[in-house]
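Visitor: The structure is given below, and queries will be raised subsequently.
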């Protein structure tokens, strides 16, 4: 890895990455165009450059208030952040413990349990909305952010468990055995040794859990009884109508919704690449 | 200032014109304590502003009543109503289009509004709108507004709108230059909603008037298909594959002189365009006027409403007193006829045009059977617009429709099934315990081993409890539904009949795109293609981004996850636009390098490719992120050692990277397969199943049976259960193949 490739290869790699970025970004430029236009039409016109640049869509979205003067956009944003952050924390906690058990213990029912986690992903979600609604009602969690957090984190768990288990499996057990010899408890080993080493996988699962909650609107729109309790995607989806969509507002909303995701990824990627692993494994 | 002045004037006018009905108003003002009435709707922009204004006025008139409005996205509205109203968490009243009434009556989502006297004169509503909201002799809701299509035209290009289809063709021919992207007329020709104008104009029908059964294959229906085939393929005066986005674009660029569209189109028209609106023309061949579908929005009383009296009063207020505001502020074609006596409404050119179109429109059937019509009818239009024979297309559509309107299977007793299930559970549990205790024998028995692993169970408990409760319970409910038949709000136990009909039904041959087996093959192809591309691209990019000398890594990475970050509802539609035959960017690139443009949605493989390309674009960032994390699990010493041994790039990749990546990547790959297998929204948004439903995947069918074909939840659940079995089988298969992986 220490040898640098020839400059020809370097140019090729830069070229490949640049092409990939262009393909990734091109369709999104249309979203930007629609967002900064002053019309509500789907911006499929011939040119990518808007004739008039206007921040009207963003302004309308951000200043959205209800008749009582509650700043709805702020509330929706806050709800989304709370639900997504809560989902991420709860999901990570549940997934880490379960994945650690699956990775480090050989107990009766282990294989069945693993299979069960996988199986839950196989039943099409379309069919689950009404039974979920009834369950939430029985639990008294309808209309609460807690209910949403719970549902989202459970939805995200199977992937997180599998991802983390796969990663835990690659962490050498010798480290933990050594710590055990030194008299560390199971919990300390888990918290102080395994978790820091699994940072890259934690970053992936955190992003995944966050996204599960961040973009969901059907369940959120079904469970919440008050406009002030809606999340951002619900508010955004309201611009999509039966016959026509207010594309300018929707696009502006899509931009607003995407920015935190990219920012979160930008913050997480330090952990994603070059964590402590390289150093830790040497030990 | 002027606007406020007008508003004040209007308010005064309304109070003078429509005094509230005295008896009820007295009742309500006599209220002592504060009461609350809940109204749900999915209005947007101007219509929303108008509704808010109307409701505020109601609250001012009745200070003891608070109206709590909830604005729900249209896409989630129907499911929200059907899940919450039967549980008693619904609103008191809601606003919805008339065509669902028939499916909602049996489960009490909506109750007749004329149960008690309504404080408004029903004869003052336009009769067509009352009729649309009537189901089996009862009136469900008060009509608010009606919507149909009419003819929009550009005044700079056309001075007098055509009166007959012959005139329309003459004008359109004169103004069309298809090769330059200019068309005389533009509308989504493959959309049955828009086609309805021609269908009825040529004397076709959707349901037989006497028997009430679907009858798409009439001579009139066939003539209407021949007519649009002429418009699009022979005369080329209407663009192909026109989505409503393309129609808007063409009209705004003055590249389409006329457009068939509804009132919602007005907001999309550019200010620079000088446009007019007129009645749809008369069909020259039959002498009948083109007659589009009519939708009537009504305000309806919900089942289990807590305040039905207040709800009725509010409904009457919105429908009658509120009509002026809804017409002038909300730009609605209101159903309250006295509103048209006011020149502000009666002389408004747009409102007048739709009012004139009203007698020449056909309200969509409000029975559940209507929902099953859209897909076969759209299939027939698609087939004809790709050059297919209209008669054959209609025969096929009729056959599909008959298959969708399935007869209820015989009801059976659930007892034998319960017994078998109990036995299976017993045997299964026994076998499991036996195996577990056998393997545990070495370590001192099952109990001892369970006790030994207490920590493991403690670690698992929280996740497992959540999973059990929130996923497995709904799952078991879903599975149980698969053995039932749902009709008119009631489930009856039918045993394995649903499964039998799916697997061995005789509606379609095995090679027909609509058969279970054909769809299964497509689904498998779809899954394999997507996951292979996601993993390859994701891994390649992750490897490139790992190069130590690379600058701006963070920026590259962040830009590459953008497709994952932006809501896919909008980006998938942008991709659909890019695949347009004539106006899309992809054919633009192809022609600029000297290739022939491709009709992407015209054949199976190209449409399939378009779907896969879109989904690859959406899905590779996720795999890239997973791969970036997984690459960290490989100790760098191994590469250093390989460098010492003089290994090349490829050797290192195949000998070190790939095998060591497996444990960390495999979960994402397996789960990616499962998700992709069930990912139908991209197919729905991009190809829409075209051509002829061939690019649809299994889950789309489950969805259709549940929501588009008379709510056959049992049949849909059976589809879902089969999908589940296939996926379980697949996972067990791969576990056999990679069996060694577990024993790490």
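Protein chains in written order, with the numbering used here: chain A, 1186 to 1468; chain B, 21 to 764.
Ideal Cβ positions, reconstructed from N, Cα and C, are used throughout, including at glycine.
From a predicted model like this one, the values you see are computed outputs, not experimental measurements.
1. If you measure from the beta carbon of residue 1340 of chain A to each beta carbon in chain B, is any gap under 9 Å?
2. With a threshold of 6 Å on Cβ separation, who are the neighbours of residue 1356 of chain A within its own chain once the five nearest residues in sequence on each side are excluded?
3. Just to confirm the assignment, what range does the alpha helix (DSSP H) spanning residue 401 of chain B have?
4. Considering Cα atoms alone, identify which of A/1446, A/1422, A/1417 and A/1427 is closest to residue 1247 of chain A.
5. Among the residues of its own chain, which have a CB less than 6 Å from the CB of residue 1326 of chain A, if the five just before and after it don't count?
6. Starting from residue 318 of chain B, follow its DSSP beta bridges and name the residues at the other end.
7. Which of the three DSSP states is assigned to residue 1255 of chain A in this structure?
8. Can you tell me the Cβ-Cβ gap for residue 1436 of chain A and residue 1210 of chain A, rounded? I've got them flagged as a contact below 8 Å.
9. Are residue 717 of chain B and residue 699 of chain B touching if we call contact CB-CB under 9 Å?
10. Consider the Cβ of residue 174 of chain B: report whether some Cβ of chain A lies at a distance smaller than 9 Å.
11. What three-state label does DSSP hand residue 1374 of chain A in the structure shown?
12. I need the straight-line Cα distance from residue 146 of chain B to residue 339 of chain B, nearest angstrom please.
13. Could you spell out where the beta strand (DSSP E) holding residue 174 of chain B opens and where it closes?
14. Find the nearest neighbour of residue 347 of chain B within the set B/328, B/446, B/372 and B/325, judged by alpha-carbon distance.
15. When DSSP builds the beta bridges, which residues end up paired with residue 85 of chain B?
16. Could you give the residue range of the alpha helix (DSSP H) that holds residue 565 of chain B?
17. Any idea what DSSP makes of residue 178 of chain B, helix, strand or coil?
18. With 9 Å set as the bound, which would you pick, yes or no: does the beta-carbon of residue 1253 of chain A sit closer than that to a beta-carbon of chain B?
19. Using three-state DSSP, classify residue 293 of chain B as helix, strand or coil.
20. For residue 278 of chain B, write down the residues that DSSP places opposite it in a beta bridge.
21. On the three-pair Cβ rule with 8 Å, is the segment 195-207 of chain B touching the segment 303-317 of chain B?
22. Under 8 Å between beta-carbons, which chain D residues line up against residue 1337 of chain A? List them in chain order, please.
23. Could you pull out every residue in the same chain whose Cβ sits closer than 8 Å to the Cβ of residue 46 of chain B, ignoring the five residues on either side in sequence?
24. Between residue 1412 of chain A and chain B, is any beta-carbon pair separated by less than 9 Å?
25. Along chain A, which residues have their Cβ under 8 Å away from the Cβ of residue 619 of chain B?
26. Residues of chain B with a CB under 7 Å from the CB of residue 1381 of chain A: which are they?
27. Checking 9 Å against the spacing of the C-beta atoms, do residue 733 of chain B and residue 504 of chain B come in under that value?
28. Would you report the Cα separation of residue 1202 of chain A and residue 640 of chain B, rounded to the nearest angstrom?
29. Could you give the C-beta distance for residue 1422 of chain A and residue 1402 of chain A, rounded to a whole number, given that I count them as a contact under 8 Å?
30. What do you reckon, are the CB atoms on residue 1307 of chain A and residue 744 of chain B nearer than 9 Å?
31. Taking the runs of the beta strand (DSSP E) that are 3 residues or longer, which of them lie wholly in the segment 462-514 of chain B?
32. For chain A, check one thing: does any of its Cβ atoms lie closer than 9 Å to the Cβ of residue 102 of chain B?
33. What residues are listed by DSSP as bridge partners for residue 91 of chain B?
34. Over the uninterrupted alpha helix (DSSP H) stretch that includes residue 215 of chain B, give me the two end residues.
35. Taking C-beta to C-beta, are residue 153 of chain B and residue 121 of chain B nearer than 9 Å?
36. Would you list the one or two residues that DSSP bridges to residue 1413 of chain A?
Guide: Looking at the atomic coordinates:
1. Between residue 1340 of chain A and chain B, the shortest Cβ-Cβ separation is below 9 Å.
2. Excluding positions up to five away in sequence, the list reads 1382.
3. Residues 394-405.
4. Proximity to residue 1247 of chain A across A/1446, A/1422, A/1417 and A/1427 peaks at A/1417, based on C-alpha coordinates.
5. Counting only Cβ-Cβ distances below 6 Å, and skipping sequence neighbours, we find 1332.
6. In DSSP, residue 318 of chain B forms a bridge with B/116 and B/163.
7. In the three-state reduction of the DSSP assignment, residue 1255 of chain A falls in the coil class, being assigned neither a helical nor a strand state.
8. 15 Å between Cβ atoms; not a contact.
9. In contact: residue 717 of chain B and residue 699 of chain B (Cβ atoms closer than 9 Å).
10. Residue 174 of chain B does not count as touching chain A.
11. In the three-state reduction of the DSSP assignment, residue 1374 of chain A falls in the helix class, which pools H, G and I.
12. Approximately 12 Å between the Cα atoms of the pair.
13. Annotation: the continuous beta strand (DSSP E) that includes residue 174 of chain B extends over 170-174.
14. Minimum Cα distance to residue 347 of chain B is reached at B/372.
15. B/55.
16. For residue 565 of chain B, no alpha helix (DSSP H) encloses it, and the DSSP letter there is neither H nor E.
17. Looking at residue 178 of chain B - three-state DSSP - the assignment turns out to be coil, as it is neither helix nor strand.
18. With 9 Å as the cut-off, residue 1253 of chain A does not count as an interface residue toward chain B.
19. Coil, per DSSP.
20. Under DSSP, the beta-bridge partners assigned to residue 278 of chain B are B/173 and B/205.
21. At 8 Å Cβ cutoff, the stretches do not touch.
22. Protein chains A and B are contained in the structure displayed, whereas chain D is not.
23. Note on residue 46 of chain B: pLDDT 48, under 50, position unreliable in the model; no value is reported.
24. Closer than 9 Å: yes.
25. One finds nothing in chain A with a Cβ atom closer than 8 Å to the Cβ of residue 619 of chain B; even the nearest lies about 18 Å away.
26. Here the premise fails: no neighbours, minimum Cβ distance about 12 Å.
27. In this structure, residue 504 of chain B lies closer than 9 Å to residue 733 of chain B by Cβ.
28. Each residue's alpha carbon lies about 14 Å from the other.
29. Right, their Cβ atoms sit about 5 Å apart.
30. Yes; because the gap between Cβ atoms is below 9 Å, this pair is in contact.
31. Positions of the beta strand (DSSP E) runs, each at least 3 residues long and wholly inside the segment 462-514 of chain B, are given as 504-507 and 510-513 in order along the chain.
32. At a cut-off of 9 Å, the C-beta of residue 102 of chain B has a neighbouring C-beta in chain A.
33. Bridge pairing for residue 91 of chain B: B/61 [DSSP].
34. From DSSP, the alpha helix (DSSP H) with residue 215 of chain B extends over 212-221.
35. Residue 121 of chain B is positioned such that its CB atom lies closer than 9 Å to that of residue 153 of chain B.
36. In the DSSP output, where bridge partners are listed per residue, residue 1413 of chain A has none listed.
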